[in-house]
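Position one of the sequence shown corresponds to residue 0 (numbering that gives the first Met the number 0), numbered consecutively onward.
Backbone N, C-alpha and C define an ideal beta-carbon position, used for all residues, glycine too.
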Amino acid sequence: MKDKLIIFDTTLRDGEQSPGASMTREEKVRIARQLERMRVDIIEAGFPAASNGDFESVKAVADVIKDSTVCGVARALERDIDRTGEAIRGAASGRIHTFIATSPIHMEKKLRMTPDQVVEQAVKAVKWARKWTDNVEFSPEDAGRSDPDFLCRILEAVIDAGAGTLNIPDTVGYNLPQQFGALIATLRERIPNSDKAVFSVHCHNDLGLAVANSLSAVLNGARQVECTINGLGERAGNAALEEIVMAVRTRQDVFGCDTGIDTSQIVAASRLVASITGFAVQPNKAIVGANAFAHESGIHQDGVLKHRETYEIMRAEDVGWSANKMVLGKHSGRNAFKTRLAELGIALDSEEAVNSAFARFKELADKKHEIFDEDLQALASDEATMLEQEHFKLVSLKVCSETGETPHATVVVAVNGAERQAESDGGGPVDAAFKAIDSIVESGAELQLYSVNNITSGTDAQGEVTVRLSKGGRIVNGQGSDTDIVIASAKSYLHALNKLHSRLERAHPQV
Ligand code: KIV
Ligand code: ZN
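Here it is in structure tokens:
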């Protein structure tokens, strides 16, 4: 029997720390459900002490997820740990992840604490967390630049205090694979009680080495990897879950362990995270990029046709790539619709939500005769967005665009239920629509990103629009999809404006 490699996903916590990737509670729950479906072992859902919104998000994830452990991160402070304990209280299986920095530069310049004080606080924090749960993880932040002797000392002490998982972060992405693997081997060898804990790693990608460093650690005995979908995360991101999982699976000849991940769910998870965060996946990204399995050169195509394994080390379908398959059409009934949603793992909460989504499916099928899985996913996303508490709601939009004329938009937006109309010219139809909306909302927000992607191919495809807005240091994303990209744009703009209107301030875990 091979060892199990535990997959700890931190898309909802470290991933959310990418500027602009912040997610609402509903969005976190949708991603968490997909992670659960993919059989991720542990979902780090957020930092409950950061804000009431973060607390509510972690709690909401803990309350609905049954098959994965739900974790919250906490600084090594009693008040953070209590908040985290409260947030995960409803989880079928919960974990508290507490951390304190251990590198000389962090201890001296950031914490202004002596090494002795850091050890004392770490031990106190782990003991405090154990009052809430038996499942406690400890991280010496910036371990990659910490003194190995000091790491041995603090880790031995926190194991004695009750930490079952020791996570070794390369917080600033400074390590090289051989060096990081050797660090894990040293810690396992030198810490006398190391057999009482699972060694985990958490690598950042500043030098593009997060996956290589994590895999080197696995070869040296780490049995948990912390990673994120699409490699999302602080600065250059974290190790990409899909790359870790597929490397270990593809190179079973080298690794003495394997994950329990259902790899066929990887592409769906990647799409969901990209669409919610507005962080598009580059086409040449390993595993989940649009070109990851595309063979362009004649020699490669010929080879693959003759014998697939000449140029393919993995099968596209094993990670969830499917050729655009027409799944439903305008004559499909409510049952077929509901069944396909269930097969895709899309859970609509009530019969009312199913009815509303079905009505929108029929409208879509009238405009676009072939409905693909990707269309259903976009429709469900749109439906979920509409079910969120909307302060600003699009009632109608009319846009005139003609050669030689200035584009003009007339929009009706319900503001807290009261309809207001406005019109505006613009450089193009989208610009005119946004200006008209802004003259009602008067947000004062700055547009940071506007992007349109076609969900499937063809000119009748739905366009999925992402808008990123910033105001007073806060950054939010909005999404909208429609076969009419100007309407999709207006929906995404209002979605972002609603988030700006409702979000509470939040703190950063490492500050
Ligand atoms: O990068 C890091 O050190 C972290 C810790 C909180 C584990 O994210
Ligand atoms: Zn991190």
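- Taking the Cα of serine 213 as reference, the smallest distance to any Cα among Leu206, Gly220, Cys202 and Gly207 is reached at Cys202.
- In the same chain as serine 138, and ignoring 5 residues on each side of it, the C-beta atoms closer than 6 Å to its own belong to Phe98, Asn166 and Pro168, in chain order.
- When distances are taken from the beta-carbon of aspartate 13 to the heavy atoms of the ligand KIV, the shortest one is below 7 Å.
- In the DSSP assignment, phenylalanine 198 is bridged to Leu165.
- Contact fails between the stretch 295-310 and the stretch 54-68, because fewer than three Cβ pairs, one in each stretch, are under 8 Å apart.
- The closest heavy atom of the ligand KIV lies 7 Å or more from the beta carbon of proline 114.
- Residue range 473-481 is occupied by the beta strand (DSSP E) that includes aspartate 481, with no alpha helix (DSSP H) assigned at that position.
- With contacts defined as CB atoms closer than 8 Å, isoleucine 95 and threonine 132 qualify as a contacting pair.
- Tyrosine 492 carries a helical assignment under DSSP once its states are collapsed to helix, strand and coil.
- For phenylalanine 357, the CB contacts under 6 Å within the same chain, skipping 5 residues up- and downstream, are Arg333 and Phe336 in chain order.
- Residue state for arginine 144 is assigned as helix, using DSSP reduced to three classes.
- Distance from the C-beta of glutamate 43 to the nearest heavy atom of the ligand ZN is not below 7 Å.
- In summary, glutamine 264 is buried, with 16 or more beta-carbon neighbours lying within 10 Å of its beta-carbon over all protein chains present.
- In this structure, the C-beta of serine 193 stays at least 7 Å away from each heavy atom of the ligand KIV.
- A straight-line Cα-Cα distance of about 30 Å links leucine 375 and alanine 246.
- Residue pairing by DSSP puts tyrosine 449 in a beta bridge opposite Val466.
- Here valine 217 has no same chain residue with a Cβ atom under 6 Å from its own Cβ, once five neighbours each way along the sequence are excluded.
- By a beta-carbon distance limit of 8 Å, leucine 150 does not contact threonine 10. Their separation comes to about 27 Å.
- Its chain contains Glu35 as the residues whose beta carbon lies nearer than 6 Å to that of aspartate 66, once the 5 sequence neighbours on both sides are disregarded; these appear in chain order.
- With the rule of 3 Cβ pairs closer than 8 Å, the stretch 383-401 counts as touching the stretch 424-434.
- At a Cβ-Cβ threshold of 8 Å, alanine 100 and glutamate 136 do not count as neighbours.
- Counting other Cβ atoms within 10 Å of its Cβ, valine 394 stays below 16 and is therefore classed as exposed.
- Residue Leu154 holds the alpha-carbon nearest to the alpha-carbon of alanine 121 among Glu311, Ser349, Asp194 and Leu154.
- Take proline 508, set aside five residues on each side of it, and the residues of its chain with a beta-carbon closer than 6 Å to its own are Phe46 and Val72, in chain order.
- Glycine 236 has its Cβ no nearer than 7 Å to any heavy atom of the ligand ZN.
- Within the same chain, and ignoring the five residues on either side of glutamate 342 in sequence, no residue has its Cβ closer than 8 Å to its Cβ.
- For threonine 309, the Cβ stays outside the 7 Å cut-off from all heavy atoms of the ligand ZN.
- A direct Cα-Cα distance of roughly 36 Å separates glutamine 478 from glutamine 300.
- With respect to leucine 208, glycine 172 sits close: the two C-beta atoms are nearer than 8 Å.
- Apart from the 5 residues on each side of it in sequence, serine 480 sits with its Cβ closer than 6 Å to the Cβ of Ala377, Asp381, Gln461, Glu463 and Ala487 in its chain, given in chain order.
- Annotated as proximal: alanine 285 and glutamate 242, with beta-carbon spacing under 8 Å.
- If you check the C-beta of asparagine 166 against the ligand KIV, you find a heavy atom less than 7 Å away.
- Cβ neighbours of threonine 409 within its own chain (closer than 6 Å, five residues either side excluded): Lys397 and Glu422.
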